[in-house]
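Quick note on numbering: the working numbering labels position 118 of the sequence shown as 118, and the sequence is numbered without any gaps. See structure below.
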Amino acid sequence: MILVLFGPPGAGKGTQAAFLCKELNIPQIATGDIFRKHLKEGTELGKLARSYMNNGQLVPDEVVWDIVETRLAQDDCANGMLLDGFPRTVRQAELMLGWLDGQGRVLNAVLALEVPDEELVLRLSGRRTCRDCQATYHVAHNPPGEDGRCVRCGGEVIQREDDQEDTVRKRLATYHRDTSPVLAFFEERGYAHRIDGTGAIEDVTRRLRDALA
Ligand code: ADP
Ligand code: ADP
Ligand code: ZN
1 MILVLFGPPG AGKGTQAAFL CKELNIPQIA TGDIFRKHLK EGTELGKLAR
51 SYMNNGQLVP DEVVWDIVET RLAQDDCANG MLLDGFPRTV RQAELMLGWL
101 DGQGRVLNAV LALEVPDEEL VLRLSGRRTC RDCQATYHVA HNPPGEDGRC
151 VRCGGEVIQR EDDQEDTVRK RLATYHRDTS PVLAFFEERG YAHRIDGTGA
201 IEDVTRRLRD ALA
């Protein structure tokens with residue numbers, strides 16, 4: 001199964017990807033997580049990506065595609081994968097569909113989470129992220145363990161630099177300008193399912209399962 005989990009920053013892609021990937025037994029490919037890993041390791045790619053990420057802008061398409069193409073070719077993607085946070089531009093979507101086509105593979109579905117901007121700002125400003133495994137939490141809706149550490153790996157739970165309010169606003173503007181056209185692109189081609197991303201986390205999971213069934 002090859003899936004794209006689409007939606008604005010803070011829509012719940014990472015949160016829901018964790019459930020879906022476990023159920024479907026496919027790897028989660030999250031471009032933001034890949035960039036943050038490079039950032040932590042201080043690689044050249046990490047330094048480049050950081051300048052865009054912390055300004056609420058997108059990393060250039062060629063850089064993103066280079067990484068995604070390499071990742072998709074790995075063995076664990078043979079039975080499928082869930083893309084989280086990719087594609088974010090129409091160009092990226094075209095590159096992905098072209099690559100799949102060349103491999104004789106098809107995209108099964110694009111699950112598009114819809115959440116209003118005011119709610120996204122609340123979610124992102126309260127988001128906390130595990131420094132080690134990238135699991136996401138929320139100070140009110142989904143808190144980390146009692147000791148304030150990651151429930152999954154025991155790592156330190158921090159606020160991402162780009163989850164500061166001014167950067168959040170820039171990321172939403174970038175989403176509306178550059179990324180929302182990707183949804184129309186997928187709709188025209190019959191891949192997209194719009195899913196209400198509001199309400200309790202488990203309710204959203206149920207809607208995603210229903211859409212897949
Ligand atoms: P969120 O979970 O809030 O949607 P991500 O962790 O997916 O954010 O991405 C963080 C940042 O990494 C983005 O704001 C952007 O700068 C960069 N990034 C991630 N994925 C892509 C992509 N597919 N294309 C361009 N930039 C990306
Ligand atoms: P994305 O990967 O799309 O940027 P996340 O999965 O990181 O989004 O979720 C953003 C923030 O909102 C996190 O703090 C997460 O715990 C919280 N969150 C996710 N889903 C919900 C929900 N249904 N209701 C309230 N908060 C949520
Ligand atoms: Zn962790």
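By construction, the Cβ of each residue, glycine as well, lies at the ideal position given by its N, Cα and C atoms.
Asked                                                                                                                                                                 : Found
Which residue marks the beginning of the beta strand (DSSP E) containing LEU107, and which one marks its end?                                                         : Per DSSP, LEU107 belongs to no beta strand (DSSP E) and is neither H nor E.
With a threshold of 6 Å on Cβ separation, who are the neighbours of GLN28 within its own chain once the five nearest residues in sequence on each side are excluded?  : ALA17, CYS21, LEU82, ASP84
Could you have a look at ILE26 and say whether DSSP puts it in helix, strand or coil?                                                                                 : coil
Which whole-angstrom value is the C-beta distance of ILE2 and LEU107, which I expect to be below 8 Å?                                                                 : 5 Å
Just to confirm, is the Cβ distance from ASP163 to LEU120 under 9 Å?                                                                                                  : no
With a threshold of 7 Å on Cβ separation, who are the neighbours of VAL139 within its own chain once the five nearest residues in sequence on each side are excluded? : GLY126, ARG128
If the criterion is Cβ atoms closer than 9 Å, does the pair HIS141 and ILE195 meet it?                                                                                : no
Ligand 2 heavy atoms versus the CB of LEU124: any closer than 8 Å?                                                                                                    : yes
So, helix, strand or coil for VAL59, using DSSP?                                                                                                                      : coil
Indicate whether the contact test is met: 3 or more Cβ pairs, each with one atom in the stretch 87 to 106 and one in the stretch 60 to 69, closer than 8 Å.           : yes
Got a sec, what are the start and stop residues for the beta strand (DSSP E) ALA192 sits in?                                                                          : 192 to 196
Using the three-state DSSP reduction, which class does THR89 fall into: helix, strand or coil?                                                                        : coil
For ligand 3, I want to know if CYS130 counts as a neighbour, meaning its beta carbon is within less than 8 Å of at least one of the ligand's heavy atoms.            : yes
Whose C-alpha, out of ILE26, GLN74, LEU172, is nearest the C-alpha of GLY7?                                                                                           : LEU172
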